[in-house]
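Please read the structure below before turning to the comments.
Protein chains in written order, with my numbering: chain A, 91 to 227; chain B, 83 to 560.
Written as structure tokens, this is what we have:
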């Protein structure tokens, strides 16, 4: 199987995304790609990234780091009108992440207001890192 | 998950989970709801979320929810928590990411029969003039200095620029200006996210609708509100856009970092909070107030644009007389006193519903009580209610905010069909201007609770009086 995958789950009012990956960087990539696919829908498969950007983050724990990471990508997507599709992690541990992202100009077709901490737990199960993220839409 | 036997029925419309249910509850959790609707919310996590609210330090008397309660994140949507300022907390998650999301109703001087031949033109013109949809920028790209003025002044900024009248300010909570606002407490990221979004609707459940008054249920109050049968009105539902979303994101992050140092532990990190009297608490109050000012100004600029659109189509000066009945906020926290105790009342998907005589109400509303505007889901009825003294006694002056979702967006798209939905709306004479087929489908009436039943509960439990029912005739969505 691929190094990562993701899946949207039912939620009455908002959306929930289950993401998992072999390495921590795979989990972070899966979650970011899932969120980007929600925002830009079908177009995300056709877009070709033409610009790179570095993202460096620190947080107090793994859950906060994941929220920070997704919030940063959401902020960049909303203000630059770009889809962030590729993520090359140079470093990642429980409190730090440093990645180079590649993006392409695109107009989102759906809106995410924010990434929430609701019920969030990042854990390693059977050799996979996994998390379920609730987004406010 | 909660079960029916966890509840004690206090009145036919008030159900309570005693604080003995879970050891971390500080007060009971109470829902204004009927038996059938209560059963329907037991299948998701809304009740558990309300119990979590009952654990907040300083929460006063009970954690409360309205009949439109549904599962959110942190607080349930439809939740109200009055938290004592003396020994309590302030929680961004208790207000939500769309700070001061709210609804306003504009009353036209026309009756439906006079306008029905212009409906299509009016809808198209409004669709062109009022930007809606994801990330769509408006016509008001502001400099940093101007944006700071909007954040600090709210609708007074619009008044200074000829985009609002004194009457508009008087018909808005806080006169459209939350005085504690301080643009300095809002991050540059939040300002960047909001800089081109003033005067825009956004996506999701936000909309502009043309409606006609299809029933008057309290003739006396309706007359005082200036509402009559067959009259055409416009409802606007939007909030603080990306600016508010980022303010909440920033402060949830901050509070997660520092709440441990205040000795606060919570069952859900999305409830992150700090003492009301703390540096971080004070800064968040000021930032939240600034985002609220942004939202009021946003709804005002949409109003000003709609007044122009109507003037353009109808070519009569009467068209400019789209009088603001009232503007209500349904995601906000306000300082209010109950039984002499000062509380910060967090309303997340709940509307303030103040009774006649409340000093916060201006002019004729002193006598009538506050107009409470309840949007239905797309294609269903909306309502104008009035606040009552019962609300002041039992719900911290609060009422429901809408229908409340019953079906997930995923399921709505799977089980419903776009063409059928369009046809059904057209069969009922509703003109639709939609930016996205998916968006329209996700907001289909079937995905929501029955708004008539929700309003019936608040009326029966006495927290609001039904004044008028409105039926949609045109919908504009992103």
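Just so you know, even glycine gets a beta-carbon here, dropped at the ideal spot from N, CA and C. Given the structure is predicted, the values throughout are model-derived calculations rather than measurements.
State yes or no: is the C-beta of residue i within less than 7 angstroms of the C-beta of residue j?
i, j, result
"residue 286 of chain B", "residue 227 of chain A", "yes"
"residue 269 of chain B", "residue 332 of chain B", "yes"
"residue 188 of chain A", "residue 117 of chain A", "no"
"residue 168 of chain A", "residue 324 of chain B", "yes"
"residue 133 of chain B", "residue 151 of chain B", "no"
"residue 295 of chain B", "residue 309 of chain B", "yes"
"residue 246 of chain B", "residue 240 of chain B", "yes"
"residue 459 of chain B", "residue 527 of chain B", "yes"
"residue 95 of chain B", "residue 114 of chain B", "yes"
"residue 512 of chain B", "residue 560 of chain B", "no"
"residue 488 of chain B", "residue 419 of chain B", "no"
"residue 539 of chain B", "residue 292 of chain B", "no"
"residue 485 of chain B", "residue 454 of chain B", "no"
"residue 162 of chain B", "residue 376 of chain B", "no"
"residue 482 of chain B", "residue 149 of chain B", "yes"
"residue 378 of chain B", "residue 258 of chain B", "yes"
"residue 431 of chain B", "residue 159 of chain B", "yes"
I'd like the list of long-range same chain contacts for residue i, defined as Cβ closer than 7 angstroms, with 5 residues on each side in sequence excluded.
i, result
"residue 120 of chain A", "94, 95, 96, 109, 110, 111"
"residue 443 of chain B", "436, 452"
"residue 203 of chain A", "226, 227"
"residue 137 of chain A", "173, 175, 194, 196"
"residue 544 of chain B", "470, 472"
"residue 548 of chain B", "299, 300, 465, 467, 537, 541"
"residue 104 of chain B", "133"
"residue 133 of chain A", "196"
So, under 8 angstroms CB-CB, residue i and residue j are touching, yes? Tell me the CB distance rounded to an integer number of Å.
i, j, result
"residue 214 of chain B", "residue 282 of chain B", "7 angstroms"
"residue 186 of chain B", "residue 385 of chain B", "7 angstroms"
"residue 176 of chain B", "residue 374 of chain B", "That pair is no contact at about 14 angstroms."
"residue 480 of chain B", "residue 433 of chain B", "7 angstroms"
"residue 122 of chain A", "residue 177 of chain A", "6 angstroms"
"residue 108 of chain B", "residue 263 of chain B", "Residue 108 of chain B to residue 263 of chain B, Cβ: 30 angstroms. No contact."
"residue 204 of chain B", "residue 395 of chain B", "5 angstroms"
Here's the rule: buried if 16 or more other CB atoms are within 10 angstroms of the residue's CB, otherwise exposed. What is residue i?
i, result
"residue 361 of chain B", "exposed"
"residue 351 of chain B", "buried"
"residue 341 of chain B", "buried"
"residue 89 of chain B", "buried"
"residue 67 of chain B", "This structure leaves residue 67 of chain B out entirely; chain B is present only between 83 and 560."
"residue 228 of chain A", "Given that chain A is displayed from residue 91 to residue 227, the structure contains no residue 228 of chain A and the question cannot be resolved."
"residue 398 of chain B", "exposed"
"residue 250 of chain B", "buried"
"residue 590 of chain B", "The question about residue 590 of chain B has no answer, for chain B in this structure spans 83 to 560."
"residue 524 of chain B", "buried"
"residue 256 of chain B", "buried"
"residue 322 of chain B", "buried"
"residue 131 of chain B", "buried"
"residue 429 of chain B", "buried"
"residue 348 of chain B", "buried"
"residue 242 of chain B", "exposed"
Less than 6 angstroms between C-beta atoms, sequence neighbours within five positions excluded: which residues of the same chain meet that for residue i?
i, result
"residue 190 of chain B", "314, 404"
"residue 161 of chain A", "205"
"residue 91 of chain A", "Here the model assigns residue 91 of chain A a pLDDT of 48, short of 50, so the residue's position is not dependable, and the following value carries that caveat. Excluding positions up to five away in sequence, the list is empty."
"residue 199 of chain A", "131"
"residue 184 of chain A", "152"
"residue 153 of chain B", "126, 127, 128"
"residue 173 of chain B", "353, 355"
"residue 143 of chain A", "191"
"residue 303 of chain B", "450, 468, 549"
"residue 326 of chain B", "180, 181, 373"
Within its chain, find whatever has a CB closer than 8 angstroms to the CB of residue i; leave out the 5 residues flanking it on each side and keep chain order.
i, result
"residue 508 of chain B", "514"
"residue 171 of chain B", "138, 139, 140, 165, 346, 355, 356, 357, 358, 363"
"residue 121 of chain B", "86"
"residue 388 of chain B", "188, 208, 211, 212, 290, 316, 318, 404"
"residue 209 of chain A", "222, 224"
"residue 381 of chain B", "184, 186, 318, 320, 409"
"residue 503 of chain B", "522, 523, 526"
"residue 510 of chain B", "461"
(message) By the 7 angstroms beta-carbon criterion, what residues does the stretch 283 to 313 of chain B contribute toward chain A?
(response) 284, 285, 286
(request) Could you please tell me which residues of the stretch 104 to 124 of chain A, in chain order, have their CB closer than 8 angstroms to any CB of chain B? (result) 104, 105
(request) Select from the stretch 182 to 213 of chain A all residues with a C-beta closer than 8 angstroms to any C-beta belonging to chain B, and list them in chain order. (result) 197, 198, 199, 200, 201, 203, 204, 205, 206, 207, 208, 209, 210
(request) Closer than 7 angstroms, Cβ to Cβ, to anything on chain A: give me those residues from the stretch 126 to 154 of chain B, in chain order. (result) 126, 152, 153, 154
(message) Counting only Cβ-Cβ distances shorter than 8 angstroms, please list the residues of the stretch 139 to 166 of chain A near chain B, keeping chain order.
(response) 150, 153, 154, 157, 158, 161, 165
(request) Residues of the stretch 401 to 413 of chain B with a CB closer than 8 angstroms to any CB of chain A: list them in chain order, please. (result) none
(message) Residues of the stretch 482 to 516 of chain B in Cβ contact with chain A at a cutoff of 8 angstroms, in chain order, please.
(response) 487, 488, 489, 490, 491, 492, 493
(message) If the cut-off is 8 angstroms on Cβ atoms, which residues from the stretch 336 to 359 of chain B count as contacting chain A, listed in chain order?
(response) 338, 339, 350, 351, 352, 354
(request) Output, in sequence order along the chain, the residues in the stretch 412 to 444 of chain B whose CB is closer than 7 angstroms to any CB in chain A. (result) none
(request) Mind checking the stretch 513 to 537 of chain B against chain A and listing, in chain order, the residues whose C-beta falls within less than 8 angstroms of any C-beta there? (result) 518, 520, 521
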